[in-house]
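Engineer: Would you mind keeping the following structure in view while I ask a few things?
Protein chains in written order, with the numbering used here: chain A, 10 to 352; chain B, 10 to 352.
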């Protein structure tokens with residue numbers, strides 16, 4: 010999927026450097042983040058293991074980039090960025106327990122390497138440290154708004170995960186697992202955390218209410234497009250770039266954008282039957298993937314996915330058109346990073 | 010265990026009424042607390058089930074009582090009291106998953122009634138709602154201190170639970186599961202949440218730093234005494250009052266105050282051997298309880314427990330001697346409630 014090219018190569022390189030700097034600053038902050046040395050080791054060893062695990066840092070990078078809309082003091086936003094990255098990792102630790110996932114980013118998950126109790130508790134204490142980091146803004150005039158945005162993000166992401174659990178467990182019929190429910194789920198589970206990341210950056214940089222509102226729309230649409238694309242890459246990406254088995258979502262029985270679209274569009278009885286089987290069976294085998302791809306092919310699901318993701322990316326871009334060139338460049342570069350990714 | 014009698018009956022009745030009012034106000038606030046009606050039900054049904062489950066509300070009662078040290082406006086402290094009660098319940102939900110406990114307060118635990126994923130996620134979203142409630146103090150001059158006290162409480166209680174897990178899993182020897190480790194564990198797991206409850210009440214009522222410091226000492230000692238007494242009641246309480254099977258802790262292999270004291274005091278080889286067996290076996294059978302009680306009897310563990318708990322209760326009472334009579338009466342009444350309880 011290719012989308013929005015920045016105008017000149019030099020211009021792109023400067024932005025590239027800026028975003029590398031953002032990532033470097035975030036990684037440095039995380040690397041210098043010190044956990045208590047007196048233990049309990051049961052808690053702080055897995056927490057440290059997570060901090061050492063790396064990651065793309067997309068959310069805190071967005072927080073830093075969002076400061077360009079306001080006073081541009083991105084260094085001030087670093088603490089909140091780390092808090093957001095910890096919140097994101099907390100959701101992964103607990104989600105992996107719920108999904109019984111053994112591997113994350115090529116490493117054992119906490120509950121696999123230790124046990125479930127350690128996984129639950131490590132996630133819990135991470136929330137505490139995230140809120141501690143937000144204490145850095147106690148003298149900021151937007152302190153209570155920053156906190157409220159963060160807490161809203163926490164609640165929304167829990168709601169998203171709950172919708173995901175419900176969605177996964179429900180037997181398919183067009184009434185209860187349609188595209189509407191899919192969009193509600195990914196909005197809460199994925200997009201709201203990006204929205205929060207952008208909003209907090211804006212609040213720290215003293216943005217106006219209108220700017221915050223535009224940042225919100227920007228990140229929300231970006232997040233929805235991002236997730237639709239994520240589902241797309243599971244099936245149409247290149248395995249070495251995506252870093253996981255192609256069709257993994259289908260084997261796990263996930264209600265991806267492609268599945269809900271196919272359920273909506275299918276008319277042939279044999280297609281409908283196979284999609285129903287997919288839902289009631291909660292997934293298919295690797296051998297059955299080619300047949301599912303055939304169904305998708307006949308229903309033009311690949312094109313529907315690309316068009317829909319691009320529609321969200323366009324809405325995202327539209328929402329920031331009144332920003333300064335500097336801010337627009339940074340946010341569009343971020344959008345491009347996500348929209349053009351093959352990983 | 011009997012401790013500190015208030016001077017006159019009338020005086021006691023007035024305080025009794027005041028504390029009943031506190032409890033009533035807390036229950037009313039919890040009953041009118043509204044969760045989103047749009048779902049996800051996976052999240053809000055178990056949360057509502059918890060809100061409906063009642064409880065002694067000791068922690069928010071302490072928060073309300075602590076306001077008497079300052080401006081006495083206890084109604085202002087209600088939101089924080091509910092936040093603290095939600096935090097306390099969040100720890101119970103997650104602890105019950107870790108301990109695989111099927112029953113709590115005579116009702117099925119969340120993970121038993123639903124499943125583990127629901128238990129993890131319900132606990133998580135509860136933290137979000139607790140922080141939302143603290144947003145009520147965003148215009149309070151002590152807002153950042155209130156939040157910081159709350160977050161510190163969250164971290165400490167996770168650390169306490171982690172020490173408990175480590176403590177339970179370790180094989181006994183005097184070096185690593187002694188009374189010192191026991192005290193560190195219960196301080197974090199039990200006492201720090203009481204400390205936080207008192208401190209937040211004090212902060213909301215605009216107490217001075219000295220008053221906050223005294224409230225801290227009061228609640229911390231009270232919490233330690235409370236836990237030692239809790240361990241005591243498991244073995245020496247009356248079953249119908251305690252509401253659980255006598256000796257349950259011993260069957261579960263908990264390292265109670267009595268166990269760590271006995272390990273410290275035992276000299277006879279057969280006693281030492283049985284205590285080692287208790288630790289390595291992670292508990293004993295109901296039939297073995299009388300023999301453990303014999304050991305305790307010979308080592309005067311019952312008296313040691315009472316004396317130690319009373320020492321902490323006295324330290325608690327001592328720490329508030331400079332408070333006004335009104336505040337002293339309320340906090341001493343609370344102390345008496347806990348110290349004289351048989352439940």
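Glycine included, every Cβ here is placed at the ideal spot set by N, Cα and C.
Note that the structure is predicted; figures quoted are calculated from it, not measured.
Is it the case that the Cβ atoms of residue 138(A) and residue 164(B) are separated by a distance below 8 Å?
Structural biologist: In this structure, residue 164(B) lies closer than 8 Å to residue 138(A) by Cβ.
Engineer: Measure the alpha-carbon distance for residue 330(A) versus residue 337(A) and round it to whole angstroms.
Structural biologist: Going from the Cα of residue 330(A) to the Cα of residue 337(A) covers about 7 Å.
Engineer: Applying the 10 Å Cβ sphere with the 16-neighbour rule, what's the burial state of residue 128(B)?
Structural biologist: The residue in question, residue 128(B), is buried, as its Cβ has 16 or more Cβ neighbours within 10 Å.
Engineer: Inspect the beta-carbon positions of residue 193(B) and residue 166(B) and report whether they are closer than 8 Å.
Structural biologist: Cβ distance not < 8 Å, so residue 193(B) and residue 166(B) don't count as in contact.
Engineer: Do residue 114(A) and residue 64(A) have their C-beta atoms closer together than 8 Å?
Structural biologist: Yes; because the gap between Cβ atoms is below 8 Å, this pair is in contact.
Engineer: Is it right to say residue 203(B) is buried, meaning 16 or more other beta carbons lie within 10 angstroms of its own, or is it exposed?
Structural biologist: Buried is the call here.
Engineer: To which residues does DSSP link residue 116(A) through a beta bridge?
Structural biologist: According to DSSP, residue 116(A) bridges with 113(A).
Engineer: Could you tell me whether the stretch 210 to 225 of chain B touches the stretch 299 to 306 of chain B, using the rule of 3 or more Cβ pairs below 8 Å?
Structural biologist: Flag = no, the stretch 210 to 225 of chain B and the stretch 299 to 306 of chain B do not touch.
Engineer: Any beta carbon from chain B within less than 8 Å of residue 141(A)'s own beta carbon?
Structural biologist: Residue 141(A) counts as touching chain B.
Engineer: Pick out whichever of 294(A), 159(A), 152(A), 312(A) has its Cα sitting closest to the Cα of residue 266(A).
Structural biologist: That would be 312(A), whose Cα lies nearest to the Cα of residue 266(A).
Engineer: Given a cut-off of 8 Å on the beta-carbon distance, is the pair residue 211(A) and residue 75(A) in contact?
Structural biologist: Yes, they are a contact pair.
Engineer: Name, please, each residue of chain B whose Cβ falls closer than 7 Å to the Cβ of residue 172(A).
Structural biologist: Residues of chain B passing the Cβ test: 49.
Engineer: Round the Cβ separation of residue 91(A) and residue 42(A) to the nearest angstrom and send it over; I've been treating them as touching at under 8 Å.
Structural biologist: Indeed they touch by this definition, with Cβ atoms about 6 Å apart.
Engineer: Please classify residue 35(A): does DSSP put it in a helix, a strand, or coil?
Structural biologist: Three-state result, residue 35(A): helix.
Engineer: Using beta carbons (cut-off 8 Å, strictly below), is residue 129(B) in contact with chain A?
Structural biologist: Yes, contact with chain A.
Engineer: Just the chain B side, please: which residues come within less than 8 Å of residue 107(A) by C-beta, in chain order?
Structural biologist: Per Cβ cutoff of 8 Å: 125, 126, 129, 130.
Engineer: Say whether chain A places a C-beta atom closer than 8 Å to the C-beta of residue 241(B).
Structural biologist: False, the Cβ-Cβ gap to chain A never drops below 8 Å.
Engineer: Could you tell me the alpha carbon to alpha carbon distance between residue 420(B) and residue 273(B), rounded to whole angstroms?
Structural biologist: There is simply no residue 420(B) to check, as chain B begins at 10 and stops at 352 in what is shown.
Engineer: With 9 Å as the limit, tell me which residues of the stretch 150 to 162 of chain B have their beta carbon closer than that to any beta carbon of chain A; keep them in chain order.
Structural biologist: Correct list: 152, 153, 154, 156, 157, 159, 160, 161, 162.
Engineer: With three or more beta-carbon pairs closer than 8 Å as the criterion, would you say the stretch 257 to 265 of chain B touches the stretch 145 to 152 of chain B?
Structural biologist: No: fewer than three Cβ pairs fall under 8 Å.
Engineer: Identify the contact partners of residue 179(B) in chain A, using a Cβ-Cβ distance below 7 Å as the criterion.
Structural biologist: Under the 7 Å cutoff, chain A gives no residues; its nearest Cβ is about 11 Å from residue 179(B).
Engineer: Could you tell me the boundaries of the alpha helix (DSSP H) in which residue 280(B) lies?
Structural biologist: Its alpha helix (DSSP H) spans residues 278 to 289.
Engineer: Quick check: residue 51(B) and residue 206(B), are their CB atoms within less than 8 Å of each other?
Structural biologist: Not closer than 8 Å, so no.
Engineer: Apart from the five residues on each side of it in sequence, which residues of its chain come closer than 7 Å, Cβ to Cβ, to residue 6(B)?
Structural biologist: Because chain B is modelled from 10 through 352, residue 6(B) falls outside the range shown and cannot be assessed.
Engineer: What residues of chain B sit near residue 175(A), judged by a beta carbon separation below 7 Å?
Structural biologist: Those are 49, 51, listed as they occur along chain B.
Engineer: How many whole angstroms separate the CB atoms of residue 234(B) and residue 287(B), which I take to be in contact at a CB cut-off of 8 Å?
Structural biologist: The pair is not a contact, with the Cβ atoms about 24 Å apart (cut-off 8 Å).
Engineer: What are the uninterrupted segments assigned as alpha helix (DSSP H) that are 4 or more residues long and contained completely in the stretch 141 to 220 of chain B, given in chain order?
Structural biologist: Listed in chain order, they are 152 to 178, 188 to 195, 201 to 213.
Engineer: With 7 Å as the C-beta to C-beta threshold (strictly closer), list the residues of the stretch 224 to 240 of chain B near chain A in chain order.
Structural biologist: Here the close residues number zero.
Engineer: Helix, strand or coil, according to DSSP, for residue 82(A) in the structure here?
Structural biologist: In this structure, residue 82(A) counts as coil in the three-state DSSP scheme.
Engineer: Which residues mark the beginning and the end of the alpha helix (DSSP H) in which residue 57(A) is found?
Structural biologist: Residues 50 to 60.
Engineer: With a threshold of 7 Å, establish whether the CB of residue 153(B) neighbours any heavy atom of the ligand FAD.
Structural biologist: For the structure depicted, the ligand FAD is absent and the ligand set is empty, with no information on it obtainable.
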